[in-house]
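Numbering (this note's numbering), first residue to last: 393 to 742. For every residue, glycine included, the Cβ atom is placed at its ideal position computed from N, Cα and C. In this text the structure is predicted, and so the values were computed from the model without any measurement. Structure record follows, encoded as structure tokens.
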């Protein structure tokens, strides 16, 4: 089956603007010369162009509703503190501007299924919350000109609002190094999330600048779940019991790591320090309280909603992304390193 033509390709075929094609599709033929309308209609017939239902609704009327899309890798919205924070910010902004939010929760990564869930006439635009970097929805919104903003990711094709993950983890690892830690493991997030890759880059940059050679067994690849924290901490300590600190993909992972370490009789932070990312309230309810990087979840949702309404009002303006700063929140899960590290394990084996 050939690739479905887009409204941009129809406009190019007819030699007109996308706006002209949109006017013809919604029946506003009086806005253009009959010859122009005829050229557009001919291009539509020749290309067998069929506008998506959502694309048509976006040029014919406003529902004053935006669709907030949650992909399956995030689990249940109500139990995911990151999603709840972003949703809270988006709701605040949309309520201020008399818009409603339709929550679209997806249960599997399948292009036909995903498009079926979002392609209707009930929304004016789409807010994608931390989509996978390979999500079919990204290609869809770009090809069909659907107003969309992504929150919690950094992508080249659509406007995004995200925290500076790399600089945040870099700052956190630098803090660990200042406390004397040189054998620092990392429980990394999934490769399909840009946030995980950015946080990894911050970890590696801090080690490199400090002249600390990375050892491959220091990295455990998991996801953003508490189970991943338990498995990751257990695996890393079994691989190398001389690790004195663990950098965790987020606070939920850090809480799982803390459980695993304490179950093995490893004291936090006296024997192993832990660094999280998110600054969730749950991090203050455990002992020791979690040292972490603050994640402005509410602000991300609020600003992403603002960007989306701006795109609805001014669709011809260039798409602008925004990256928000983070900051280190020092609590009690990091302590000065008591071990001496004169050589790395690689150097010791030489």
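Beta-carbon proximity list for residue i, same chain, < 6 Å, skipping 5 on both sides
{"i": "residue 637", "result": "568, 573, 576 and 665"}
{"i": "residue 413", "result": "399, 402, 403 and 432"}
{"i": "residue 435", "result": "402, 405 and 406"}
{"i": "residue 634", "result": "575"}
{"i": "residue 598", "result": "562, 565 and 566"}
{"i": "residue 703", "result": "539"}
{"i": "residue 454", "result": "516"}
Buried versus exposed call for residue i [16 or more other C-beta atoms within 10 Å across all chains shown]
{"i": "residue 730", "result": "exposed"}
{"i": "residue 422", "result": "exposed"}
{"i": "residue 552", "result": "buried"}
{"i": "residue 522", "result": "buried"}
{"i": "residue 630", "result": "exposed"}
{"i": "residue 659", "result": "exposed"}
{"i": "residue 504", "result": "exposed"}
{"i": "residue 466", "result": "buried"}
{"i": "residue 655", "result": "exposed"}
{"i": "residue 539", "result": "buried"}
{"i": "residue 544", "result": "buried"}
{"i": "residue 603", "result": "exposed"}
{"i": "residue 695", "result": "buried"}
{"i": "residue 709", "result": "exposed"}
{"i": "residue 548", "result": "exposed"}
{"i": "residue 352", "result": "It is not possible to answer for residue 352, since the shown part of the chain is limited to 393 through 742."}
Cβ shell of residue i (< 7 Å), same chain only, five flanking positions each side left out
{"i": "residue 678", "result": "647 and 650"}
{"i": "residue 506", "result": "498, 528 and 529"}
{"i": "residue 606", "result": "596 and 599"}
Proximal residues to residue i (C-beta, below 8 Å), its chain only, five neighbours per side dropped
{"i": "residue 622", "result": "648, 649, 651 and 652"}
{"i": "residue 526", "result": "584"}
Residue i at chain C interface by Cβ criterion, 8 Å
{"i": "residue 730", "result": "Judged by its chain identifiers, the structure shown contains no chain C, having just a single protein chain."}
Residue nearest to residue i in terms of C-alpha spacing, selected from the options
{"i": "residue 669", "options": "503, 707 and 564", "result": "564"}
{"i": "residue 725", "options": "602, 667, 408 and 710", "result": "667"}
{"i": "residue 688", "options": "524, 597, 581 and 479", "result": "479"}
{"i": "residue 457", "options": "708, 531 and 517", "result": "517"}
{"i": "residue 502", "options": "625, 706, 463 and 535", "result": "463"}
{"i": "residue 559", "options": "395, 716, 396 and 454", "result": "716"}
{"i": "residue 481", "options": "692, 699, 682 and 721", "result": "692"}
{"i": "residue 489", "options": "720, 705, 721 and 711", "result": "705"}
Assumed close pair residue i, residue j - CB separation to whole angstroms, cut-off 8 Å
{"i": "residue 614", "j": "residue 641", "result": "7 Å"}
{"i": "residue 468", "j": "residue 439", "result": "Wrong, their Cβ atoms sit about 42 Å apart, outside the cutoff."}
{"i": "residue 537", "j": "residue 410", "result": "7 Å"}
{"i": "residue 460", "j": "residue 494", "result": "7 Å"}
{"i": "residue 595", "j": "residue 639", "result": "6 Å"}
{"i": "residue 550", "j": "residue 578", "result": "Not quite, the Cβ-Cβ distance comes to about 29 Å (not below 8 Å), so this is no contact."}
{"i": "residue 723", "j": "residue 680", "result": "7 Å"}
{"i": "residue 387", "j": "residue 643", "result": "No information on residue 387 is available, as it lies outside the stretch 393 to 742 that the chain covers here."}
Identity of the residues DSSP links to residue i by a beta bridge
{"i": "residue 670", "result": "686"}
{"i": "residue 487", "result": "BP columns for residue 487 are empty, so no partner."}
{"i": "residue 659", "result": "Answer is none; residue 659 lacks a bridge partner."}
{"i": "residue 496", "result": "461"}
{"i": "residue 720", "result": "685"}
{"i": "residue 640", "result": "579"}
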